[in-house]
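Engineer: In the order they appear, the protein sequences are chains A and B. Numbering follows my numbering, in which position 22 of the first sequence is assigned residue number 222; successive positions increment by one, without gaps. Numbering follows my numbering, in which position 66 of the second sequence is assigned residue number 67; successive positions increment by one, without gaps. Note that beta-carbon positions come from the ideal geometry of N, C-alpha and C, so glycine has one too. Predicted model, so just to flag it, every value in this text is computed and none were measured. Submitted below is the structure of interest, expressed as structure tokens.
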Amino acid sequence: MTRVVVLDSRAHRELRIQARAAAELGDDQRFVPVVVGEFPLLVVHYPVLLSKDADTGAFYCGAMLGFDPGENLFLGEDGHDAYRPLNLQRGPFYTAGSDLAIDLDNPRVGAGMGEALFDHAGAPTPYLQSIMALMRDLQPGLARTKVFLQTLLELKIVEPMTIDAVFDDGTRREVTDLYTIDKDAFRALPDTAVVELFRRGYLQLIYLLIASLKQVPVLAQRKNRRFLHGSGGGSAASLL
Amino acid sequence: MPHPIQTVAIVGGGTAGWLTAGIIAARHQGRIKAGTFNVVLIESPKIAIIGVGEGTWPTLRASLEKMGVSETEFFRHCNAAFKQGAKFARWTTGADDDAYYHPLMLPQGFTQLNLAPHWLNQGRGLTFSDYVCPQGPLCDDGLAPKMITTPEYHAVANYAYHLDAAKFAPFLQKHCTGKLGVRHVLADVKSVNLTEQGDIASVSTEQAGDIPADLWVDCTGFAALLIGKALGVPFKDCGDVLFCDAALAVQIPYDAPDAPMASHTLSTAQSAGWIWDIGLPARRGIGYVYSTRHSSEEAARATLSRYIGDAHKDLTVRRIPIRSGYRHTFWKNNCAAVGLAAGFLEPLESSAIVLVELSAKLLAEQMPANREVMDIVAARFNDVTEYRWGRIIDFLKLHYVLTQRTDSAFWVDNVDPATIPDRLQNLLKLWKYQSPWFFDEFDRLEEVFPAASYQYVLYGMGFRTEVDPLDNVRTESAAKRLFNDNALVTQKLRAQLPKNRELLRKIAEHGLQPI
């Protein structure tokens with residue numbers, strides 16, 4: 201359940217937020233929605249792919265963090281072992297118009313441990329200021345990402361893909377409902393469309409999406425290493 | 002020099018006219034864009050379209066997609082909804098619990114194995130359709146045949162549409178004129194001008210003068226202005242086989258905007274015909290198709306009122322005459338008839354629009370290069386089209402001849418062998434000993450009703466084919482696997498698919514993705 205309310209310096213003066221990355225706090229996500237501004241930071245760690253929102257069917261961009269539902273292969277005892285996507289960093293925060301809102305039912309929210317939001321005078325702490333800055337990136341980023349995706353769809357350069365991976369423990373995963381750049385259709389674009397993509401900064405983003413596919417085997421290796429060390433490899437453990 | 006075919010003129014602007022224009026124009030875009038081929042549609046500004054035929058076949062998906070229509074736009078503008086088949090109630094015994102489905106999905110593994118003999122031998126207490134296909138339970142649950150994440154025109158469970166024909170024609174018109182380069186002339190045809198050879202040279206119109214063309218398509222509906230009036234092709238009545246000759250149609254609102262809506266056509270047999278019940282997003286379309294030889298209009302109105310219930314007493318009932326039959330020739334000289342001008346049958350299996358699609362596709366694909374080869378194409382067109390009409394009549398009659406009802410003269414008269422086409426009688430004899438399947442004579446390319454449809458109706462209505470259990474042994478394990486597959490798929494889809502109403506609401510709000 202969620203209980204989202206507008207953040208209030210009086211009502212929420214005493215709240216504490218557990219900002220660290222942990223599965224039990226909601227970082228157990230296989231596929232995290234991302235925005236175009238993050239692409240350069242993401243593609244050095246993750247495959248960045250397209251998928252559809254189960255509720256609306258709308259396309260969105262996401263970083264792939266694992267193969268199984270709830271599997272984030274970057275989570276360890278020391279937290280998130282790479283650039284952490286904004287949508288994970290944001291924790292329990294939302295925006296409501298120009299206001300910052302918070303989900304009081306989020307497991308990160310409590311009174312005891314974690315980061316304070318306001319100081320004694322009721323002013324935002326550096327932590328809350330960092331969240332506000334993050335939201336300033338994320339909010340317009342979502343709109344820009346939507347326009348970017350719309351452009352890809354209009355140009356018909358998106359194609360479905362299935363990731364089929366076999367792991368060292370002999371198990372196999374087929375990850376479906378993913379989409380990426382249709383390279384043949386992309387190469388066949390007329391010059392005018394290519395120039396337009398370049399001018400809008402989209403050409404760079406498209407190449408980043410294509411390059412990020414190389415992270416799929418790297419991600420699979422990351423999963424294999426877990427089997428090797430016997431930590432967090434649920435399926436391997438059950439097989440052995 | 003042979004006379005090239007460069008201009009196709011379609012007369013009539015209903016569903017048939019615009020679908021034909023769209024299918025031909027989409028197929029010949031290259032030449033249309035280069036200016037060497039033209040499609041013109043001449044429509045009377047005065048004549049209202051009939052607008053029957055709210056049910057379609059899954060073929061319409063491919064037809065619309067090929068025309069470059071967005072399925073999302075189609076749903077939004079045509080008050081369209083999903084159709085996963087038809088449920089026939091009270092056709093066999095007339096009892097309250099008498100019903101079966103004719104779903105649009107083929108039986109499991111239909112291309113590899115015929116499950117019918119296995120069901121006949123050991124049906125495990127299931128209906129035939131539940132034994133071989135998940136779609137009956139999906140319809141019972143009021144589920145949609147796909148999800149919001151399923152791309153346009155793709156299906157999870159095979160589907161066609163229910164649509165508002167009065168909105169469909171203008172929607173197609175906009176697409177054809179805006180995107181496909183079809184020229185639209187609003188004019189009343191005063192006279193049809195023939196050459197010495199009997200070809201149509203031009204039509205003289207009130208508003209736009211003389212319009213010449215090389216090939217004509219008569220989509221003028223019951224008027225049959227070209228094929229009937231100008232070229233004198235007679236009409237072949239088949240009222241002796243199919244008795245229904247009138248329909249009373251009514252549109253009723255839902256009790257609430259979010260009321261559940263069925264994703265199948267409900268067809269309920271009555272004492273002198275049957276009632277269709279079709280759910281569109283904004284309203285239900287209901288109509289009583291009956292035989293005037295077996296019921297007065299007054300009695301028919303009373304039957305319809307009983308079906309609808311007291312809540313909707315004051316609605317306008319529209320009476321539509323049905324003259325079952327078709328033209329002796331569908332393509333004569335340089336004129337082909339498509340739609341109601343070609344013929345009409347009761348809408349029991351939604352055959353009207355699919356016949357338009359098939360005829361238009363044949364025209365588009367076989368577009369004669371010149372007048373010299375046109376007669377060869379015309380002969381083919383006539384052969385295939387006459388075959389199709391014959392098979393549809395057989396298939397419609399099949400629904401009547403399998404009845405066990407004796408409660409009214411309508412049903413008793415329907416099983417009189419004198420009213421059953423010879424071909425159908427022979428098939429019924431044959432089917433006592435072998436069930437219809439692939440190697441049957443339904444082997445024509447683009448058969449309107451495949452053998453699977455015959456299976457659904459035959460076994461849905463309690464027909465028994467004698468099966469030697471020894472003959473099943475060979476395929477026993479494969480059949481068992483398909484049966485289990487079907488049970489699993491049914492279970493999975495029931496859990497996965499959204500409610501029909503819910504998905505239509507989401508399509509209106511978010512749209513479907515093209516991929």
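With residue 303 of chain A as the anchor, note down where its beta strand (DSSP E) starts and where it stops.
Structural biologist: 299-303
Engineer: Mapping the DSSP letters down to three states, classify residue 507 of chain B as helix, strand or coil.
Structural biologist: In the structure shown, residue 507 of chain B sits in a helix (DSSP, three-state: H, G or I).
Engineer: Near residue 201 of chain A, what residues of its chain come up, given a Cβ to Cβ distance below 6 Å and the 5 sequence neighbours on each side ignored?
Structural biologist: Contacts found: 305.
Engineer: Counting Cβ pairs, one atom from each stretch, are 3 or more of them under 8 Å apart for the region 28-48 of chain B and the region 70-87 of chain B?
Structural biologist: Pairwise C-beta distances place the region 28-48 of chain B out of contact with the region 70-87 of chain B, as fewer than three of them are shorter than 8 Å.
Engineer: Where do the N-terminal and C-terminal ends of the alpha helix (DSSP H) with residue 410 of chain A fall, by residue?
Structural biologist: 402-412
Engineer: Taking the alpha carbon of residue 204 of chain A as the point to measure from, which residue in A:309, A:277 and A:252 has its own alpha carbon closest?
Structural biologist: A:309
Engineer: Taking DSSP as the reference, what is the three-state secondary structure of residue 154 of chain B?
Structural biologist: coil
Engineer: Within 8 Å, do at least three Cβ pairs link the region 67-75 of chain B to the region 90-98 of chain B?
Structural biologist: Cβ pair count under 8 Å is below three, so no.
Engineer: At least one CB of chain B closer than 7 Å to the CB of residue 256 of chain A: is that the case?
Structural biologist: Interface residue, yes.
Engineer: Can you check whether the CB of residue 410 of chain B is closer than 7 Å to the CB of residue 295 of chain B?
Structural biologist: yes
Engineer: Given a cut-off of 7 Å on the beta-carbon distance, is the pair residue 215 of chain B and residue 8 of chain B in contact?
Structural biologist: yes
Engineer: Shorter than 7 Å from the beta carbon of residue 150 of chain B to some beta carbon of chain D?
Structural biologist: Going by chain labels, chain D is absent from the structure shown, which instead holds the protein chains A and B.
Engineer: State the Cα-Cα distance for the pair residue 225 of chain B and residue 21 of chain B, rounded to the nearest angstrom.
Structural biologist: Cα to Cα, residue 225 of chain B sits roughly 16 Å from residue 21 of chain B.
Engineer: Buried or exposed: which applies to residue 223 of chain B, given that a residue is buried once 16 or more other Cβ atoms fall within 10 Å of its Cβ?
Structural biologist: exposed
Engineer: Quick check: residue 341 of chain A and residue 216 of chain A, are their CB atoms within less than 7 Å of each other?
Structural biologist: The answer is no: Cβ separation not under 7 Å.
Engineer: Is there a C-beta anywhere in chain B that falls below 7 Å from the one on residue 358 of chain A?
Structural biologist: yes
Engineer: Is any heavy atom of the ligand GDP found at a distance shorter than 6 Å from the C-beta of residue 6 of chain B?
Structural biologist: With respect to the ligand GDP, the structure offers nothing, as it holds no ligand at all.
Engineer: Please report whether the beta-carbon of residue 252 of chain A lies at a distance below 7 Å from any beta-carbon of chain B.
Structural biologist: yes
Engineer: Pull up the CB-CB distance for residue 380 of chain A and residue 249 of chain A, whole angstroms please, since I reckon it's below 8 Å.
Structural biologist: 6 Å
Engineer: When the Cα atoms are used, what is the spatial distance from residue 182 of chain B to residue 34 of chain B?
Structural biologist: 8 Å
Engineer: How big is the Cα-Cα spacing for residue 244 of chain B and residue 292 of chain B?
Structural biologist: 5 Å
Engineer: Can you name the residues of chain B whose CB is closer than 8 Å to the CB of residue 353 of chain A?
Structural biologist: 514, 515 and 516
Engineer: Across which residues does DSSP place residue 252 of chain B in a beta bridge pair?
Structural biologist: B:286
Engineer: What is the rounded straight-line gap between the Cα of residue 11 of chain B and the Cα of residue 217 of chain B?
Structural biologist: 6 Å
Engineer: In this structure, does DSSP put residue 192 of chain B in helix, strand or coil?
Structural biologist: strand
Engineer: Do residue 251 of chain A and residue 378 of chain A have their CB atoms nearer than 7 Å?
Structural biologist: yes
Engineer: By the three-class DSSP mapping on this structure, what secondary structure does residue 332 of chain B have?
Structural biologist: strand
Engineer: Cutting at 7 Å between CB atoms, please list the residues of its own chain near residue 409 of chain A, excluding the five before and the five after it.
Structural biologist: So the qualifying residues of the chain are 248, 380 and 381.
Engineer: Using CA atoms only, rank isn't needed, just tell me which of B:184, B:251, B:268 and B:279 is closest to residue 261 of chain B.
Structural biologist: B:279
Engineer: Are the region 400-408 of chain B and the region 357-370 of chain B touching by the rule of at least three beta carbon pairs closer than 8 Å?
Structural biologist: no
Engineer: Would you please verify whether the beta carbon of residue 511 of chain B is less than 7 Å from any beta carbon of chain A?
Structural biologist: yes
Engineer: Mind checking whether residue 153 of chain B and residue 513 of chain B have CB atoms under 7 Å apart?
Structural biologist: Taking the C-beta atoms as reference points, residue 513 of chain B is found nearer than 7 Å to residue 153 of chain B.
Engineer: Based on the DSSP output, what are the partners of residue 388 of chain B in its beta bridges?
Structural biologist: Its beta-bridge partners do not exist; DSSP assigns none.
Engineer: Can you have a look at residue 396 of chain B and say buried or exposed, based on whether 16 or more other CB atoms are within 10 angstroms of its CB?
Structural biologist: Residue environment analysis places residue 396 of chain B among the buried positions, since at least 16 neighbouring C-beta atoms fall within 10 angstroms of its C-beta.
Engineer: Just how far apart, CA to CA, sit residue 319 of chain A and residue 225 of chain A?
Structural biologist: One C-alpha to the other measures close to 24 Å.
Engineer: Using the beta-carbon of each residue, which ones in chain B are nearer than 8 Å to residue 259 of chain A?
Structural biologist: What residue 259 of chain A touches in chain B: 514.
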